[in-house]
Amino acid sequence: MAKVLRTLVYIGAIVSTAVLAGIVGYILINGVPYLTPQLFEWTYTSENVSLMPALINTLLMAVFALVLALPVGIGAAIYLVEYARSSSRFVRAVRMTTETLQGIPSIIYGLFGLLFFTTMLGWGLSLISGACTLAIMVLPVIMRTAEEALLAVPESYKQGGFALGAGPVRTIFRCVLPSALPGILGGGLLALGRCVGEVAALLFTAGTVAQIPDFAGQGFLALFDSCRTLAVHMYVLSNEGLHMNETYATAVVLLALVVILNAAANFAAKKLKRGI
Amino acid sequence: MEAVEEKMVTPTFIRGAEAHRGEEVQTKMEVRNLDLHYGNFHALKDVTLVFPENEVTALIGPSGCGKSTLLKTLNRMNDLVDGCKVTGAIELDGKDAYKDIDVNDLRRRVGMVFQQPNPFPMSIYDNIAFGPRTHGIKKKDELDVIVEQSLRDAAIWDEVKDRLKKSALGLSGGQQQRLCIARALAVRPEVLLLDESTSALDPISTAKIEELVGQLASKYTVIMVTHNMLQAIRVSTKTAFFLLGEMVEAGDTDTLFTHPQDSRTADYVSGRFG
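Quick note, the sequences are listed as chains S and G, same order.
Each position in the first sequence, counted from 1, maps to that position plus 9 in our numbering.
Each position in the second sequence, counted from 1, maps to that position plus 113 in our numbering.
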């Protein structure tokens, strides 16, 4: 019996590794040969489907979304853990809503973004509509992980801070938050991954214009330019079916981007932990 | 023997100390008619007690008797507990700790060392400098002096002076606890509360901390909760015995242990229960 079970879990491990390796290998084999310098030119034309604008847009979109979502999510988590009474109805309601929000498919967020940001507020298909929609989408993830990270900080740090006459603000920011930072960063990374990989919500809210918003020329008005991210770019290219090789090459870049972001976040988390 | 006779009829600390030393002892902290409830639980019942300046007072009693609760009330750490209600008076130098003194200032003046060592996850230096920085001291050279002096006062300077920038979490349990004492001393407190601060430590570390507490008493008013009666005898000059939320008896430590006036005290100190 033990042997059977062992074989089964072994097979499970093999299969899950093989699937991942298979996907990555498939993309690399199909994409790497078409990673040409032209693909990284600054402008996109229908002859040369450069992915550079989409790459920049991806970073812009993710950064804007996180800039909006991180303070709110971390703030909410701090409120729930440090200020609110854990038994209160409000806290339970907040927990329940965030859990529910986490399970909602991203296309619903997209639909909401379309109705609210693009239509009702009149922001159109734009960077800002997309970023706001993504921010709402990743908010529950950030909040939950930040909450878990804060709860994992020993109560004794907090008591130590208070016992030295530090008020709640200093105690939270200097004694509690630093220990929770690696965990919070992990949540931020998860959120980043979702932003980078999101298509459905952005098709509705950010559109598919393959240009970098013209911040130099238009200033902050460029926030209202439509822009496509890498994932949307891939979707559009494969939908058109005219540039399949370039689509695979784009997938390689997207994959590399995610790996790099992951590695950077892990590195930062380790640094933070060592600093502690 | 005469001294002992005399002490037996002097129930309060002040008179006991006078009889003992022939000099007047100032009251540092005072608790009057203190009642404390955690929700429906009546944790402290009408406690009245005086803590003389520059002496070590031990609070003893079986688990759940309220001695730690009283300690946490003296610097208002109980404020952090949901459903905790305090009535009665707590005074520091004659000022009401709940009305006349800002809570953060109270906690600076009445420092606390916990049962488990709880250094912050930062360097040894930053741990000690945390308190002074909180209270507005930013200059590096000023902080350097405070850090060294606090670590010396806590008898740990020689062990850590070469690794001040290293994490405090790398220290042994006993060292961590002395670091926590140093951290508490760094804000120049007047009173030091020790909440069973040796119970998580090995005998050698315990002995070091006991010796340290004896030395600290010349500068600070020390109030310690302990489960260890021998420790109370070794370290304290005053002892108060608690049972089920009541303060049963208080007096000079040697009197309380040799000639307890209340039969419950006698039973406890002779080891019949607890």
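Ideal Cβ positions, reconstructed from N, Cα and C, are used throughout, including at glycine.
Could you name the residues of the same chain whose beta carbon sits closer than 8 Å to that of Q290/G, not counting the 5 residues immediately before and after it, in chain order?
The answer, listed in chain order, is V226, P230, S310, T311, A313, L314, S318 and I322.
- If you measure from the beta carbon of L173/S to each beta carbon in chain G, is any gap under 8 Å? By this cut-off, L173/S is an interface position.
With H, G and I counted as helix, E and B as strand and the rest as coil, what does DSSP make of I346/G? Three-state result, I346/G: helix.
Margin query: Would the segment 79 to 86 of chain S count as touching the segment 151 to 159 of chain S if we require 3 or more Cβ pairs under 8 Å?
Written below: The answer is yes - the segment 151 to 159 of chain S touches the segment 79 to 86 of chain S, with three or more Cβ pairs under 8 Å.
Tell me which residues of the segment 238 to 257 of chain G have at least one Cβ-Cβ distance to chain S shorter than 7 Å, keeping chain order.
Sequence-ordered contacts of the segment 238 to 257 of chain G with chain S read F243, G244, T247 and H248 [C-beta pairs closer than 7 Å].
(request) Grab me the residues of Q111/S's own chain with a C-beta within less than 6 Å of its C-beta, minus the 5 sequence neighbours each way, in chain order. (result) Excluding positions up to five away in sequence, the list reads P149.
Requested in this report: Mind checking which residues open and close the alpha helix (DSSP H) that includes T378/G?
Outcome: Element bounds for T378/G: S376 to V382.
Would G135/G be called buried (16 or more neighbouring beta carbons within 10 Å of its own) or exposed?
At G135/G the pLDDT is 46, less than 50, meaning the model places this residue with poor confidence; the figure from the coordinates comes in the next sentence. Exposure of G135/G is indicated by the presence of fewer than 16 other C-beta atoms within 10 angstroms of its C-beta.
What does a CB cutoff of less than 7 Å around L160/S pick up in its chain, not counting 5 residues either side in sequence?
Taken in chain order, the residues that qualify are V90.
Select from the segment 255 to 283 of chain G all residues with a C-beta closer than 9 Å to any C-beta belonging to chain S, and list them in chain order.
Of all residues in the segment 255 to 283 of chain G, S280 and L282 have a Cβ within less than 9 Å of some Cβ in chain S.
Requested in this report: Going by CA-CA distance only, name the one from G228/S, A189/S, G139/S and G170/S that's closest to V208/S.
Outcome: If you compare the alpha carbons of G228/S, A189/S, G139/S and G170/S with that of V208/S, the shortest gap goes to G139/S.
Name the DSSP beta bridge partners of V335/G, please? Under DSSP, V335/G takes part in a beta bridge, and its partners are V169/G and L305/G.
Just the chain G side, please: which residues come within less than 7 Å of S235/S by C-beta, in chain order?
-> The premise fails here: S235/S is roughly 46 Å from chain G at the closest Cβ pair, so nothing lies under 7 Å.
Exercise for review: Quick one: measure Cβ to Cβ for C178/G and L356/G, integer angstroms, because I've assumed they're closer than 8 Å.
Suggested key: Between L356/G and C178/G the Cβ distance is about 5 Å, and since that is below 8 Å, they are a contact.
Chain-ordered residues of the segment 176 to 208 of chain G with a beta carbon less than 7 Å from chain S = Those would be N188, M190, L193 and D195, in chain order.
Worksheet item: Are any of the Cβ atoms in chain G nearer than 8 Å to that of G176/S?
Response: Closer than 8 Å to some Cβ of chain G, the Cβ of G176/S qualifies, so yes.
(request) Determine the DSSP secondary structure at A215/S, reduced to helix, strand or coil. (result) Reduced to three states, the DSSP call for A215/S is coil.
Q: Answer yes or no: does any C-beta atom of chain G fall closer than 8 Å to that of R179/S?
A: Chain G, which has a Cβ nearer than 8 Å to the Cβ of R179/S, makes this yes.
Residues that E362/G bridges to, as DSSP identifies them: Bridge partners of E362/G: F354/G.
message = Across the segment 219 to 237 of chain S and the segment 15 to 35 of chain S, are there enough close Cβ pairs to call them in contact, namely three or more that are closer than 8 Å?
response = Fewer than three Cβ pairs drawn from the segment 219 to 237 of chain S and the segment 15 to 35 of chain S lie within less than 8 Å of each other, which leaves the two stretches out of contact.
message = So Y166/S contacts chain G; which residues on that side make the cut at Cβ distance below 7 Å?
response = Among the residues of chain G, those whose CB is under 7 Å from the CB of Y166/S are N231 and F233, following chain order.
Q. Do you know offhand how far F224/S's Cα is from P187/S's?
A. Whole-angstrom Cα-Cα distance: 35 Å.
Specify the secondary structure class of I113/S as computed by DSSP and reduced to three states. In the structure shown, I113/S sits in coil (DSSP, three-state: anything other than H, G, I, E or B).
Going by the beta-carbon positions, is the gap between F370/G and V382/G smaller than 8 Å? Result yes, Cβ atoms of F370/G and V382/G sit closer than 8 Å.
*Use the C-beta contact count for L205/G: other C-beta atoms within 10 angstroms, 16 or more gives buried, fewer gives exposed.*
Buried: at least 16 other Cβ atoms inside 10 Å.
Where D271/G falls: helix, strand or coil (DSSP):
DSSP places D271/G in helix when its eight states are reduced to three.
Review point. Mapping DSSP to helix, strand and coil, what is V267/S?
Key: Looking at V267/S - three-state DSSP - the assignment turns out to be helix.
message = Is there a Cβ of chain S sitting closer than 8 Å to that of D218/G, yes or no?
response = Judged by the 8 Å Cβ criterion, D218/G is in contact with chain S.
- Taking I203/G as part of the alpha helix (DSSP H), name the residues at either end of that continuous run. I203/G -> not in any alpha helix (DSSP H); beta strand (DSSP E) instead, spanning C197 to L205.
**Message:** Given a cut-off of 8 Å on the beta-carbon distance, is the pair L448/G and V169/G in contact?
**Reply:** This structure cannot speak to residue 448/G, because chain G is shown only from 114 to 387.
For this session: Determine the burial state of G34/S: buried for a count of at least 16 other Cβ atoms within 10 Å of its Cβ, exposed for fewer.
Result: Exposed.
**Message:** Using a Cβ distance threshold of 8 Å, determine whether the segment 201 to 217 of chain S contacts the segment 60 to 78 of chain S, with at least three qualifying pairs required.
**Reply:** Flag = yes, the segment 201 to 217 of chain S and the segment 60 to 78 of chain S touch.
Same chain only: Cβ atoms within 7 Å of M61/S, ignoring 5 sequence neighbours per side
If we look at M61/S and ignore the five residues flanking it on each side, its Cβ neighbours are F49, E50 and W51.
- Quick one: what's F154/G bridged to in DSSP? Beta-bridge analysis with DSSP links F154/G to Y151/G.
Subject >> Neighbour list for G169/S in chain G, Cβ cutoff strictly below 7 Å >> reply: Those within 7 Å of G169/S in chain G are N231 and F233.
Closer than 8 Å by beta-carbon distance: list the chain G residues that pair up with R94/S, in chain order. What R94/S touches in chain G: D195.
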